[in-house]
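As you go down the protein sequences, you meet chains A and B in turn. Note that our numbering numbers the first sequence so that position 162 is 144, with each residue one more than the last. Note that our numbering numbers the second sequence so that position 215 is 197, with each residue one more than the last. Here a beta-carbon is modelled for each residue, glycine too, at the ideal position from N, C-alpha and C. Note that this is a predicted model, so its numbers are computed, not measured. Okay, structure first, notes after.
2 protein chains.
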Amino acid sequence: MEQNKKTMPEIAKRANLSIATVSRYFNNPELVAKKSKDKIQKVIEELNYSKNRYAKVLSTGTTDLIGVIIPNMAYDFYDNVLQEILSYADACHLQCIVFSSNSDAEKEKKYIQELASYQVKGIINLSNTLDSSLLQTLHPNVVGIERECTHIKGVYSDNYRGGQLQASLLHRNNCEKFFYCTTHFNNVRTASKRLEAFQSYCEENSLDYEILAYHFTKEYELDTKILLEIFNTVTASSNKKCGIAFSNDNHGVMFLNILFRHQLNIPEQCEIIGFDDSTISRQAVISLSTIKQDKRELAIKAIDLLLQPNETNKHCMIDVQLLERESTS
Amino acid sequence: MEQNKKTMPEIAKRANLSIATVSRYFNNPELVAKKSKDKIQKVIEELNYSKNRYAKVLSTGTTDLIGVIIPNMAYDFYDNVLQEILSYADACHLQCIVFSSNSDAEKEKKYIQELASYQVKGIINLSNTLDSSLLQTLHPNVVGIERECTHIKGVYSDNYRGGQLQASLLHRNNCEKFFYCTTHFNNVRTASKRLEAFQSYCEENSLDYEILAYHFTKEYELDTKILLEIFNTVTASSNKKCGIAFSNDNHGVMFLNILFRHQLNIPEQCEIIGFDDSTISRQAVISLSTIKQDKRELAIKAIDLLLQPNETNKHCMIDVQLLERESTS
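Here's what the structure looks like:
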């Protein structure tokens, strides 16, 4: 990388000026004489120094970098949103430093410090590990996507509406017994709105429902075992037509595979609806009905919020959309 | 970001020294008197200036950044490798600026320029769009993964061995008619080794085989149509037991879905094997036999090559492994 080591002393030497003058050129150009300015400009052009962002950073204090933290890449949802963030960031002439944290709190704190040291414009955080009250102390410009955002900027889908749409579709399609399958969570999560809405809908319509909250692991084999347990619960419960809503598409598709292998008729005996509209929902053996989260819009609004001047608690909710596919009638 | 604008003049002011002295401290510390050094050190600590990487960059010409270019996130393989790169980079105290290029040559050139302006230690490129002869002129330290690497450093799977393993498994399992389904490609690609090996194996063993090379689009609906065509070709051809090898798992799983929907018995009537061992191969309705590319090892070796001093044509080949699952007998 020797050829990139174009420091102020090198410019000073080539321009036959003092380092102080060169430093002043970057930091207080109004104090530099026209003649010296021209000399420095010429050397910079020769050295292609204008392509070196760091001099610009030192003189202006700003970069074109943003940070992105995702909790994992096991769920397609995060891959899909990351893709959209990279795409829109590029359109905005921003570059992304990306971290995948495995939901590890200590790592996330370290990543935020590292991002701060790169003087990123801001950080988009998709992980729900650190409380927003802590996040706001770690960096002045954090935008959450689909996570708890009480003390930071945030973009999220209309999860409550999503949960309602899931329940009302299964109800409309004459299911008799209703299940909601979700990850067991201890902290505030946007996904809890989905469950809340599903539950309210069932209560209001006096439906026979059950909540299945499990500790999913993101390990395919282990999670398949959990879903087999759920399959046994669901099929043992009665001969009624079941409607099962999942809080993400990955679990919905895994469950669909189990039903197929046990030769249940879908959607005649059992209807399934996922959440996210992630890639896998279209790639399943039969396409999975789902609630579309608009990943592009989430990414665009997150970057827009990041770029706009800080205001406290600036939040944005994105519409969701019911996609009826083969796993429901 | 005003609080991050901690430039050399600010240090000079606080330390009551000239800017030239401060600049010398960063660039030629041996020329700075002990007393001045101590003063500057103290101010730097006060300002937490050591956390500002840019001064370090300007003085040393090196960063802890690496660039990563992936062609798309439509195939799980790229997501999976990216995950491993992020994970190993973190272990090496490196940070990644990530671009997804959509295989667009102009974009990739622009990304490489941007990465150079950030003085990244090197660039890991998973896209096969730009010739390595061009890449070597654009940046002195590019490492390719699973792409043409004649003029740059490169890491790839033993694709020839992979193609052999695909063919010999189908042969061993008593398939009578053999197909190899791949993306039609115009440029040199590592994946062409897979086809070459499959073909050689069939020739050597006088097997009845056919190559199916199509222009896949990465659009799920369009590619499903292509695969339906292939399904018709395969089933129309004879009553013989078919063995079909795919050059990636995504197409293998899509084809598996088509077979399932047409109620063919797998693996009795038809055996399927993919390539990659990407996430989707385990998530299919029945698990897909495949050739495991060791994504972790690809990522580790790529970063190791990137960090080691430049030598021309430094290449590394990673073993592949046959994974027999439910789609073969």
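Taking the DSSP output, what are the residues bridged to Thr165(A)?
Tyr196(A)
Could you tell me the alpha carbon to alpha carbon distance between Arg(-4)(A) and Ser260(A), rounded to whole angstroms?
56 Å
Compare the C-beta of Ile268(A) with all C-beta atoms of chain B and state if any pair is closer than 9 Å.
yes
Per DSSP, cross-strand counterpart(s) of Ile254(A):
Ile226(A)
Any idea which residues DSSP pairs Ser271(A) with across the strands?
Ile255(A)
Nonlocal neighbours in the same chain, by C-beta distance under 7 Å from Ser220(A), ignoring five residues either side
Lys159
Of the residues Ser99(B), Ala98(B), Tyr93(B) and Ile1(B), which one's Cα is nearest the Cα of Ser109(B)?
Tyr93(B)
Span separating the alpha-carbon of Arg154(B) from that of Leu147(B):
10 Å
When you check each C-beta in the region 74 to 90 of chain B against every C-beta of chain A, which residues fall closer than 7 Å?
Gln77, Cys78, Ile79, Val80, Phe81 and Ser82
Counting only Cβ-Cβ distances shorter than 7 Å, please list the residues of the region 192 to 221 of chain B near chain A, keeping chain order.
Tyr202
Which residues share a DSSP beta bridge with Asp190(B)?
Lys159(B)
Rounded to the nearest angstrom, what separates Tyr60(A) and Thr3(A) at their Cα positions?
48 Å
Through-space distance from Gln275(A) to Tyr57(A), alpha-carbon basis
14 Å
Cross-chain neighbours of Leu68(A) in chain B, by beta carbon under 8 Å:
Val80, Phe81 and Ser82
Apart from the five residues on each side of it in sequence, which residues of its chain come closer than 7 Å, Cβ to Cβ, to Ala281(B)?
Val63, Glu66, Ile67 and Tyr70
Below-9 Å beta-carbon distance, Lys0(A) vs any chain B residue
Lys is not the amino acid found at residue 0(A); the sequence shown has Ser there. Answer yes: the Cβ-Cβ gap between Ser0(A) and chain B drops below 9 Å somewhere.
Below 8 Å CB to CB, which residues in the same chain sit around Ile240(A) once its five sequence neighbours on both sides are set aside?
Thr206, Leu209, Leu210 and Phe213
Given a cut-off of 9 Å, decide if Ser150(B) and Arg129(B) are closer than it, judged by their beta-carbon atoms.
no
Alpha-carbon spacing of Gly104(B) relative to Ile79(A), whole angstroms
15 Å
Round the Cβ separation of Cys163(B) and His244(B) to the nearest angstrom and send it over; I've been treating them as touching at under 8 Å.
Not a contact, Cβ separation roughly 17 Å.
Any beta-carbon of chain A closer than 9 Å to the one on Thr164(B)?
no
Consult DSSP for Gln265(A) and reduce its assignment to one of helix, strand or coil.
helix
Could you give the C-beta distance for Leu305(B) and Thr272(B), rounded to a whole number, given that I count them as a contact under 8 Å?
5 Å
The beta strand (DSSP E) spanning Ser139(B) covers which residue range?
Lys135 to Ser139
Can you list, in chain order, the residues of its chain whose CB lies under 8 Å from that of Pro314(A), leaving out five sequence neighbours each side?
In the structure displayed, chain A extends from -17 to 311; residue 314(A) sits before or after that span and is not available.
So that I know if they touch, is there some Cβ in chain B lying closer than 9 Å to that of Asp61(A)?
yes
With a threshold of 16 other CB atoms inside 10 Å of the CB of Ala15(A), please say whether the residue is buried or exposed.
exposed
Use the C-beta contact count for Thr199(B): other C-beta atoms within 10 angstroms, 16 or more gives buried, fewer gives exposed.
exposed
Using the beta-carbon count (16 or more within 10 Å), is Glu96(A) buried or exposed?
buried
Please decide whether Thr310(A) counts as near chain B, where near means a Cβ-Cβ distance under 9 Å.
no
Is the Cβ of Leu64(A) closer than 9 Å to any Cβ of chain B?
yes
Between Arg143(B), Val137(B), Lys91(B) and Gly145(B), which has its C-alpha nearest Thr119(B)'s C-alpha?
Lys91(B)
Any Cβ of chain B within less than 9 Å of the Cβ of Ser115(A)?
no
Helix or strand or just coil, what does DSSP make of Cys74(A)?
coil
Does Ala281(B) have its Cβ less than 9 Å from a Cβ in chain A?
no
Presumed contact (8 Å Cβ cut-off) between Gly136(A) and Gly126(A), rounded CB distance
4 Å
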